[in-house]
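These notes are about the structure you will find just below.
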Amino acid sequence: MSGSKSCDALSAQPGPESGLSGPLEFTVHGLPRPGQAMLDSQRTRSGRWKMLAVLAVCAAPVVASYFTYYVLRPEQKRNYGELIAAQPGLPEVVARTLEGLPKPLAELKGQWLLLSVSGGACDEVCQSNLYLQRQLRESLGKEKERLDWVWLVTDEAPVAEALSPALAQATVLRLPADVVQGWLKPADGRGLAEHLYVVDPLGHWMMRLPPRLDKAGAAKAKRDLDRLLRASASWDTAGRGAS
7 MSGSKSCDAL SAQPGPESGL SGPLEFTVHG LPRPGQAMLD SQRTRSGRWK
57 MLAVLAVCAA PVVASYFTYY VLRPEQKRNY GELIAAQPGL PEVVARTLEG
107 LPKPLAELKG QWLLLSVSGG ACDEVCQSNL YLQRQLRESL GKEKERLDWV
157 WLVTDEAPVA EALSPALAQA TVLRLPADVV QGWLKPADGR GLAEHLYVVD
207 PLGHWMMRLP PRLDKAGAAK AKRDLDRLLR ASASWDTAGR GAS
């Protein structure tokens, strides 16, 4: 019968004419241990997450420094202040306090800054800007601790003692005029001391408020500050731990 012939053929040993010198041999490879495939998969996923975390940390400063440009889109004209596309960083210089103590300008990083600039004599425009800086900061309520107001004095003229009480919450630093002029720029036809300037927590100058703000302008400037603080709430907190 055909079945018997098939069995005979399978049981037959290869002969010399087949070219094989011995019986057929089979190699059996070990199977992976139970759970090994799952462990390998978990290690792969863990490695990918670590790589993504490293990339996120590296990209964070770039995202943080430019988010305002995309949140306050210039073409939509939602912002009152003028956005600065280049966003130059704080100069790497050492300023001086009014008492003559050295203070690296880089130490201002980690907070939003509202800046004004003038000579130490502080004329009417200067005094108005200092008043507006204080009022704008106070108007932010509980968010005010995320913003410092800074007066950069560009000469050696003494600051009037009468201004001291008003400057109790301000950071006042002397910085050479050429350093400030190389960093901040006024609008065409305007003086540097006429504006207020906004600097982000990474030290980038990113907004210039219109010159000689009045009461209505100050209200619009506050809306800009509110929007900036709200948009950055997820990554910026009060104090200089954000730098």
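Letter by letter, the sequence shown follows residues 7 to 249 of this note's numbering. Note that CB positions come from ideal geometry on N, CA and C, so glycine has one too. Here the structure is a predicted model, which means the values were calculated and not measured.
Handout entry: Minimum C-alpha distance to residue 95 - residue among 223, 185, 136, 209
Key = The shortest C-alpha to C-alpha distance from residue 95 to any of 223, 185, 136, 209 is the one to 209.
Problem - residue 155 versus residue 233: straight-line alpha-carbon distance, rounded - result: 17 Å
Practice task
Evaluate the contact criterion for the segment 184-197 versus the segment 136-156: three or more CB pairs, one atom per stretch, below 8 Å.
Solution key: no
Handout entry: Counted within 10 angstroms of its Cβ, other Cβ atoms place residue 220 as buried (16 or more) or exposed
Key = Answer is exposed; the Cβ neighbour count stays below 16.
Problem - Backbone secondary structure at residue 203 - three-state DSSP - result: strand
Exercise for the section: Helix, strand or coil for residue 118, going by three-state DSSP, please let me know. Expected result: Look at residue 118 here: in three-state DSSP terms it is strand.
Problem - Limits of the unbroken alpha helix (DSSP H) element including residue 237 - result: Counting along the chain, the alpha helix (DSSP H) containing residue 237 begins and ends at 221-237.
Exercise for the section: Could you check the C-alpha separation between residue 180 and residue 197 for me, to the nearest Å? Expected result: 18 Å
Exercise for the section: Measure the alpha-carbon distance for residue 200 versus residue 55 and round it to whole angstroms. Expected result: 50 Å
Handout entry: Inter-stretch contact at 8 Å, needing at least 3 Cβ pairs: the segment 108-122 / the segment 163-170
Key = no
Handout entry: Contacting residues, own chain, Cβ-Cβ under 8 Å from residue 229 (five flanking each side not counted)
Key = Within the same chain, residue 229 has close Cβ partners 86.
Handout entry: Exposed unless 16 or more other CB atoms sit within 10 angstroms - verdict on residue 137
Key = exposed
Exercise for the section: Taking residue 218 as the reference, give the member of 202, 235, 244, 117 with the closest Cα. Expected result: 202
Practice task
Sort 145, 235, 188, 237 by Cα distance to residue 225 and report the nearest one.
Solution key: 145
Handout entry: Euclidean distance between Cα positions of residue 132 and residue 140
Key = Distance from the CA atom of residue 132 to the CA atom of residue 140, rounded to whole angstroms, is 13 Å.
Handout entry: DSSP three-state assignment for residue 138, whether helix, strand or coil
Key = Residue 138: helix per DSSP, three-state reduction.
Practice task
Using only alpha-carbon positions, find the residue among 231, 222, 223 that is nearest to residue 212.
Solution key: 231
Handout entry: Beta-carbon proximity list for residue 93, same chain, < 7 Å, skipping 5 on both sides
Key = 71, 210, 211, 212
Exercise for the section: Grab me the residues of residue 135's own chain with a C-beta within less than 7 Å of its C-beta, minus the 5 sequence neighbours each way, in chain order. Expected result: 122, 202
Handout entry: Span separating the alpha-carbon of residue 236 from that of residue 176
Key = 23 Å
Handout entry: residue 168 Cβ short of 6 Å to the ligand HEM heavy atom set
Key = This structure lacks the ligand HEM, and indeed carries no ligand of any kind.
Practice task
Give me the Cα-Cα distance between residue 159 and residue 178, rounded to the nearest whole angstrom.
Solution key: 7 Å
Practice task
List the endpoints of the continuous alpha helix (DSSP H) containing residue 241.
Solution key: Segment: none, residue 241 is in no alpha helix (DSSP H) and carries neither H nor E.
Handout entry: residue 116 classed as buried or exposed, judged by whether at least 16 other C-beta atoms fall within 10 angstroms
Key = buried
Exercise for the section: List the residues that DSSP assigns as beta-bridge partners of residue 103. Expected result: Bridge partners of residue 103: 179.
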